[in-house]
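Just below is one structure, and these are the notes that go with it.
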Amino acid sequence: MKTLLSELRQRAVAELTAAQDAATLDSLRVKYLGKKGELTAVLKQMGKLSAEERPIMGQLANEIRAELEGTLETKKQEIAAKALELKLQSETLDVTMPGKKQELGRKHPMYNVLDQIKEIFIGMGFEIVDGPEIELADYNFTKLNIDEGHPSREWTDTFYFTEDSKYLLRTQTSPMQVRTMETHPLPIRMLAPGRVYRKDEVDATHSPMFHQIEGMVIDKGITMADLKATLNLVVQQIYGEGTVTRFRPHHFPFTEPSCEMDIQCHKCGGKGCPTCKGEGWIEILGAGMVHPKVLSGCGIDPDEYSGWAFGMGLERLAMGEYKINDLRLIFENDERFLKQF
Ligand code: PHE
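Numbering (the numbering used here), first residue to last: -4 to 336.
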């Protein structure tokens, strides 16, 4: 038995010393010291020994166990240290390197302009309302007095969802006039900014998606004078005191009378330049007195109430304010552009 034990000891120490990784080490532990291991197997045979031999062999076996456990532990630490060293070598960290800077985002220039306009209207007691971009043709057209045959209802101009032309992407924010009249108690002062969609090719001044701001007032005794006074006041605040404006007759099916509002070109002072395309004037919005048919369609008596409404393009306004010469810049999200504001 003595030879058996010393042979086992030699073999085990040699194998343990040669081990290169934690997994091998562990399988060796099981092989020699485990419940079904070789040393345990030898110890199980102790019963066969004589009474004199038993304690001597027992002591020897315990010494071997202690030695193997010691070797195992030393080896384990060795392997762990080596692994750590390798890891540290592969993960060099240069603490003198500059850190990665996190850029803080900022508000989009167009939304700066929108917020400015909202502030002005909120200051005059207007409520900001929001509505669906997927709209019923009924609201986008019919309830706004736009007849079946009207060119703006053409499939070539409007994104429809269904063959029956019932659902579409709104082409204007004007359906919010109807939605507000149907749901809000009178009198009404509302501002409805939002996205609108038209089948336009993309170029420096066109995009299939753009933003409008709709505004509307309904009350007793409202006249065109209120429209002009309010919009003039707003323009002075946006474009600066003393900005010259003019109202030109126009046609919209849902307002009567209708007009367009121009500002005198701030670049050339009305002489004519590239900014105003030589006109001296820049058109900024469409407006008018809410059509009696639209009012009565919303259950409002046109003999008792009247109102005015306007619709304004937001991109064009932002382009004017920030001197942006290409609409595409507003949507491309190029940081080099956006960082300038
Ligand atoms: N909705 C019209 C357009 O898109 C603008 C408008 C709004 C005109 C409100 C009159 C009243 O051109």
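Built from N, CA and C at the ideal position, the CB exists for glycine as well.
To the nearest angstrom, report how far apart residue 99 and residue 330 are at their CA atoms.
For the purposes of this step, residue 99 is taken as residue 104 along the sequence shown, with counting starting at 1. For the purposes of this step, residue 330 is taken as residue 335 along the sequence shown, with counting starting at 1. Here the alpha carbons of residue 330 and residue 99 stand approximately 12 Å from one another.
If you run the structure through DSSP and keep just helix, strand and coil, what is residue 22?
Taking the sequence shown and counting its residues from 1, the one referred to as residue 22 is at position 27. The answer is helix: DSSP assigns residue 22 an H, G or I state.
Report the partner residues of residue 192 according to the DSSP bridge assignment.
Counting from one through the sequence shown, the residue named residue 192 turns up at place 197. Looking at the DSSP assignment, residue 192 forms a beta bridge with 204.
Quick one: using the 10 Å Cβ neighbour count with 16 as the cut-off for buried, is residue 283 buried or exposed?
Along the sequence shown, one-based indexing puts residue 283 at 288. Counting Cβ neighbours within 10 Å, residue 283 comes out buried, since at least 16 surround it.
Relative to ligand 1, is the shortest distance from any of its heavy atoms to the C-beta of residue 169 smaller than 7 Å?
For the purposes of this step, residue 169 is taken as the residue at position 174 of the sequence shown. Indeed, a heavy atom of ligand 1 lies less than 7 Å from the Cβ.
In terms of alpha-carbon separation, which member of 188, 48 and 180 lies closest to residue 170?
Translated into positions along the sequence shown, residue 170 becomes position 175. Minimum Cα distance to residue 170 is reached at 188.
Under DSSP, the beta strand (DSSP E) around residue 169 begins and ends at which residues?
Taking the sequence shown and counting its residues from 1, one reaches residue 169 at position 174. Run containing residue 169: none; DSSP gives neither H nor E here.
I'd like the ranges of any alpha helix (DSSP H) spanning at least 4 consecutive residues and lying wholly in the segment 271 to 331.
Runs found: 287 to 292, 309 to 317 and 323 to 327.
Roughly how many angstroms lie between the CA atoms of residue 47 and residue 53, to the nearest whole one?
In the sequence shown, residue 47 corresponds to position 52, counting from 1. In the sequence shown, residue 53 corresponds to position 58, counting from 1. Their Cα atoms are separated by approximately 11 Å.
Relative to ligand 1, is the shortest distance from any of its heavy atoms to the C-beta of residue 242 smaller than 7 Å?
The residue given as residue 242 occupies position 247 in the sequence shown. For ligand 1, no non-hydrogen atom lies closer than 7 Å to the CB of residue 242.
Any non-hydrogen atom of ligand 1 within 7 Å of residue 282 CB
For the purposes of this step, residue 282 is taken as the residue at position 287 of the sequence shown. Residue 282: yes, Cβ under 7 Å from ligand 1.
Could you tell me if the beta carbon of residue 310 falls within a distance shorter than 7 Å of some heavy atom in ligand 1?
Numbered from 1 along the sequence shown, position 315 holds the residue referred to as residue 310. No - ligand 1 has no heavy atom lying nearer than 7 Å to the Cβ of residue 310.
Is the separation between the beta-carbon of residue 11 and that of residue 63 shorter than 8 Å?
Taking the sequence shown and counting its residues from 1, one reaches residue 11 at position 16. Taking the sequence shown and counting its residues from 1, one reaches residue 63 at position 68. Closer than 8 Å, so yes.
Check whether the segment 218 to 226 touches the segment 122 to 132, taking contact to mean three or more Cβ pairs, one atom from each stretch, closer than 8 Å.
Counting Cβ pairs under 8 Å, fewer than three are found: no touch.
Would you call the CB atoms of residue 281 and residue 245 closer than 8 Å?
Translated into the one-based positions of the sequence shown, residue 281 becomes position 286. Translated into the one-based positions of the sequence shown, residue 245 becomes position 250. In contact: residue 281 and residue 245 (Cβ atoms closer than 8 Å).
Residue closest to residue 231, alpha-carbon to alpha-carbon, out of 247, 261, 206 and 204:
In the sequence shown, residue 231 corresponds to position 236, counting from 1. Closest by alpha carbon: 261.
Helix, strand or coil for residue 45? Go by DSSP, reduced to three states.
Walking along the sequence shown from the start, residue 45 turns up at place 50. In the structure shown, residue 45 sits in coil (DSSP, three-state: anything other than H, G, I, E or B).
Evaluate residue 168 with the Cβ neighbour count: other Cβ atoms within 10 Å of its Cβ, from every protein chain shown; 16 or more gives buried, anything less gives exposed.
To locate residue 168, count along the sequence shown from 1; it is residue 173. Flag for residue 168 reads buried.
Report yes or no: do three or more beta-carbon pairs, one from the segment 295 to 311 and one from the segment 175 to 188, lie closer than 8 Å?
The segment 295 to 311, when compared against the segment 175 to 188, does touch it at the 8 Å Cβ threshold.
Contact test: residue 247 Cβ vs ligand 1 heavy atom, cutoff 7 Å
Taking the sequence shown and counting its residues from 1, one reaches residue 247 at position 252. At least one heavy atom of ligand 1 lies closer than 7 Å to the C-beta of residue 247.
Does residue 56 pass the burial test, meaning 16 or more other C-beta atoms within 10 Å, or should it be called exposed?
As a first step, residue 56 is located in the sequence shown; it is residue number 61 there, counting from the start. Counting the other Cβ atoms within 10 Å of the Cβ of residue 56 gives 16 or more, which makes it buried.
Which class does residue 214 belong to by DSSP, given the choice of helix, strand or coil?
Against the sequence shown, residue 214 aligns to sequence position 219. The answer is strand: DSSP assigns residue 214 an E or B state.
Could you work out which residue in 297, 118 and 148 is closest to residue 194 when comparing CA atoms only?
Translated into positions along the sequence shown, residue 194 becomes position 199. Of all alpha-carbon atoms in 297, 118 and 148, the one lying nearest the alpha-carbon of residue 194 is that of 148.
What are the uninterrupted segments assigned as alpha helix (DSSP H) that are 4 or more residues long and contained completely in the segment 48 to 108, given in chain order?
Segments of the alpha helix (DSSP H) lying fully in the segment 48 to 108: 48 to 85.
Rounded C-alpha distance that separates residue 212 from residue 289:
Residue numbering aside, residue 212 sits at position 217 when the sequence shown is read from its first letter. Residue numbering aside, residue 289 sits at position 294 when the sequence shown is read from its first letter. Straight-line Cα distance between these residues: approximately 14 Å.
Mind checking whether the beta-carbon of residue 202 lies closer than 7 Å to any heavy atom of ligand 1?
Taking the sequence shown and counting its residues from 1, the one referred to as residue 202 is at position 207. Not under cutoff, so the answer is no.
Would residue 197 and residue 311 be called neighbours here (beta carbons separated by less than 8 Å)?
The residue labelled residue 197 in the question sits at position 202 within the sequence shown. The residue labelled residue 311 in the question sits at position 316 within the sequence shown. With contacts defined as CB atoms closer than 8 Å, residue 197 and residue 311 fail to qualify as a contacting pair.
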